[in-house]
Ligand code: ADP
Ligand code: MG
């Protein structure tokens, strides 16, 4: 077949432009990316060969070879893995299958150092070759295809690439980088070795380079025909814990996660018993850009007896722990385990439970011993962890202890246990208020009486908090109670005199309440006098069983239908505005204006929106003009 020219997909062109024009620091990661692709290709071959042993042809020993040709100024990375057909080369090296290009661009724009490290995070590692090369040639043959069906792919990384069919007896792929002027440092074999040692030591396949010997005449090291292994080539998690240094654990994490920061914590164990497996699990310190994509998995890679099986094994980790990275290597699962089988396997269930417990134990340890670190973790991942309360019934109590909140007592870091330890004599419930922002929560009129009595209230301002409350209704025997739901019941916290005064006020106030009910009959379920307000004239609450107005608002913002039950208006009989209302004679037009304003203001105060803002403004103006 003759040569064919294809244009790169538009996104690839953008990436290539960025790669060649803006990535200045950490250039050397191109080698890590190519080695990692070579290793992936070998993993894929091993996996496909489980069903089709013939794919190994007569070369079952998999390895990666790296060498330089100083005269031609090239670096070659060779693997004998799965290889690519011509169609696959066009597809995989000319388009980007994954989403994330936009995020990648945005991350690059934000990063003043223009760190090439970013590239691996976004699944576009192959293109990092163009940081140092002005032409890349790829020669490949897919396992199982005849020798005549090899492919050569070539590009200078600008607008397009060429492909042609070639004869290629060797299975697998050669990636040949033609170095740019000025990148000669990468022609030194020792340099490549040190890059491999830095980034790819834990690749479980041997990475081979020609061994060198001293040439007396040239007065330099020259390559020989012998190959020597330049990495450890033993999967890190299979080695004894006592022989692995912290640096090695960190380097492995970087390779798994592309995170530029060290992990928050990690755990490495060989679990024995009915199901045997090894777990090496990391909790990152920083959230990835796609944390909120609940469908995205891939944090934990599944191996069976060292053979890589899959990296989106969602059966292995609950969704709410999707930020965990690591490796699970099972000794019991069958090698040809399918996704369907994974879902049903009892061994997998045991692994999932065991790993979940381990991660929670890690977090508990940090929460107890490293407060600052835990606070940072909470800021990054707290909202995700809350999802667990609804998802993981068995661990609900452990999860509840890991929760941290803002409260009227402290702006962050309040645990439920802290709260309980500060409860007032006679206080039974844990009081909470939900709102869109911390400021709105702090300003909630419903808080007033709590503040006056010095009772702490948790301020819940995460979008998931409302949802969380539907799953977390008590902690250590104390019910969680929203201060904006139901009648305020301070129980033993209110003394007899206060209760009596409130009852008397309500009675004296009954006629006004009736008039208010009539004036607002289309907007409220009920109007009642309250003791919960101190400074505000009125507030809105909902019935115990009804959806909170805040949740209804969140659902509406998300485009979902929310059953809008009518709220209850509570008024403060002691407030000047309410007193004025009470004084207005029957039939006074101003009574109606004032009643509507009271209700609208109560809505605004809790972050709601007015159905008819213009009418509100007109009423307020009428009142102001009359002053
Ligand atoms: P990623 O590795 O995250 O998929 P890359 O840009 O590094 O992204 O590689 C793109 C794709 O090119 C790979 O997914 C793979 O299909 C293909 N590819 C790259 N290198 C090789 C190789 N050595 N052997 C087989 N396929 C490869
Ligand atoms: Mg890659």
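In the working numbering, the protein residues as written are 40 to 666. C-beta atoms are modelled at their ideal positions from N, C-alpha and C, and glycine is treated no differently. Predicted, not measured: the structure shown is a model, and the values here were computed from it.
- When the Cα of residue 593 is compared with those of 623, 475 and 649, which residue comes out closest? The residue from 623, 475 and 649 with its alpha-carbon nearest to that of residue 593 is 475.
- Message: Let me check one thing: in DSSP terms, what residues is residue 259 bridge-paired to?
- Response: In DSSP, residue 259 forms a bridge with 254.
- Query: Within 10 angstroms of its Cβ, does residue 580 collect 16 or more other Cβ (buried), or is it exposed?
  - Reply: Buried, since its Cβ has 16 or more Cβ neighbours within 10 Å.
- Query: How about residue 115: is its Cβ closer than 7 Å to a heavy atom in the ligand ADP?
  - Reply: With a cut-off of 7 Å, the C-beta of residue 115 is classified as distant from the ligand ADP, since no heavy atom of the ligand falls inside that distance.
- Message: Mapping the DSSP letters down to three states, classify residue 308 as helix, strand or coil.
- Response: Here residue 308 sits in strand by DSSP.
- Query: Residues bridged to residue 198 by DSSP?
  - Reply: Residue 198 is not bridged by DSSP to any residue.
- Query: Do residue 211 and residue 179 have their C-beta atoms within less than 8 Å of each other?
  - Reply: With contacts defined by Cβ atoms closer than 8 Å, residue 211 and residue 179 form a contacting pair.
- Who are the Cβ neighbours of residue 245 in its own chain at under 6 Å, not counting the five residues just before and after it? The answer, listed in chain order, is 102, 268 and 272.
- Item | Residue from 398, 95 and 348 whose Cα sits closest to the Cα of residue 361 | Of the listed residues, the one whose Cα sits closest to residue 361 is 398.
- Could you pull the start and end residues of the alpha helix (DSSP H) that residue 289 belongs to? Unbroken alpha helix (DSSP H) run through residue 289: 285–296.
- Query: By Cβ distance below 6 Å, which residues in the same chain neighbour residue 630 in space, the five residues on each side in sequence not counted?
  - Reply: Cβ contact annotation for residue 630 (same chain, cutoff 6 Å, sequence separation greater than five): 623, in chain order.
- Query: In three-state terms, what does DSSP make of residue 673?
  - Reply: With the chain represented from 40 up to 666, any question about residue 673 goes unanswered, as that position is not in the structure.
- Should residue 123 be counted as a contact of the ligand ADP given a C-beta to heavy atom distance under 7 Å? Result yes, Cβ under 7 Å from the ligand ADP.
- Endpoints, beta strand (DSSP E) assigned at residue 568: Looking at the DSSP string, the run of the beta strand (DSSP E) that includes residue 568 is 565–568.
- Three or more C-beta pairs closer than 8 Å, one from the segment 490–503 and one from the segment 465–472: is that the case here? Flag = yes, the segment 490–503 and the segment 465–472 touch.
- Query: Cβ of residue 213 within 8 Å of Cβ of residue 177?
  - Reply: It is a contact, given that the beta carbons lie within the stated cut-off.
- Message: List, from N- to C-terminal side, the alpha helix (DSSP H) runs of 4 residues or more that fit wholly inside the segment 327–408.
- Response: Here the runs fully enclosed are 378–383 and 385–408.
- In terms of alpha-carbon separation, which member of 589, 582 and 100 lies closest to residue 648? For residue 648, the nearest C-alpha among the options comes from 589.
- Message: Can you list, in chain order, the residues of its chain with a C-beta nearer than 7 Å to that of residue 340? Leave out the 5 residues immediately preceding and following it.
- Response: Counting only Cβ-Cβ distances below 7 Å, and skipping sequence neighbours, we find 347, 350 and 366.
- Roughly how many angstroms separate the alpha carbons of residue 316 and residue 240, rounded to a whole number? For residue 316 and residue 240, the distance between alpha carbons rounds to 23 Å.
- Which ranges does the alpha helix (DSSP H) cover as unbroken runs of at least 4 residues, wholly within the segment 453–515, from first to last along the chain? List check, alpha helix (DSSP H) in window: 455–460, 477–481, 487–491 and 504–508.
- Within its chain, find whatever has a CB closer than 6 Å to the CB of residue 309; leave out the 5 residues flanking it on each side and keep chain order. If you ignore the 5 residues before and after residue 309, its C-beta comes within less than 6 Å of the C-beta of 317, all in its own chain and listed in chain order.
- Could you check what DSSP says for residue 446 in three-state terms: helix, strand or coil? Three-state DSSP puts residue 446 in a strand.
- Query: Where does residue 307 land, buried or exposed, given buried means 16+ other C-beta within 10 angstroms?
  - Reply: When all chains shown are included, residue 307 counts as buried.
- Going by CA-CA distance only, name the one from 186, 249, 466 and 662 that's closest to residue 262. Nearest of 186, 249, 466 and 662 to residue 262, Cα basis: 249.
- Query: Which value, in whole angstroms, describes the spacing of the CA atoms of residue 71 and residue 260?
  - Reply: Taking the straight line joining both Cα atoms gives about 24 Å.
- Item | Nearest to residue 551 (by Cα), restricted to the options 115, 512, 625 and 537 | With distances taken between CA atoms, residue 551 lies nearest to 625 out of 115, 512, 625 and 537.
- Shortest alpha-carbon distance to residue 125 belongs to which of 190, 141 and 85? 190 is the residue among 190, 141 and 85 whose C-alpha sits nearest the C-alpha of residue 125.
- Take the Cβ of residue 512 as the centre, count every other Cβ of all protein chains shown within 10 Å, and call the residue buried at 16 or more, exposed below. Exposed, because fewer than 16 other Cβ atoms sit within 10 Å of the Cβ of residue 512.
- Item | Where the beta strand (DSSP E) containing residue 173 begins and where it ends | Start and end: 172–180.
- Task: Let me know if residue 420 comes out buried or exposed under the rule of 16 or more other beta-carbons within 10 Å of its beta-carbon.
- Result: The residue is buried, with at least 16 neighbouring Cβ atoms inside 10 Å.
- Message: What would DSSP say about residue 589, mapped onto helix, strand or coil?
- Response: Of the three classes helix, strand and coil, the one that applies to residue 589 here is helix, per DSSP.
- Considering only residues of the same chain and omitting the five flanking positions on each side of residue 437, which have a CB-CB separation below 6 Å? Annotation for residue 437: 399 place their beta carbon closer than 6 Å to its own, counting only its chain and skipping 5 residues before and after.
- Message: Is residue 80 near the ligand ADP - that is, is its Cβ less than 7 Å away from at least one heavy atom of it?
- Response: Yes, the beta carbon of residue 80 sits closer than 7 Å to at least one heavy atom of the ligand ADP.
- Task: Under 5 Å from any heavy atom of the ligand MG, by CB: list those residues in chain order, please.
- Result: Checking every Cβ against the heavy atoms of the ligand MG under 5 Å gives 76 and 164.
- Integer-rounded CB distance, given that residue 454 should sit under 8 Å from residue 443: Indeed they touch by this definition, with Cβ atoms about 6 Å apart.
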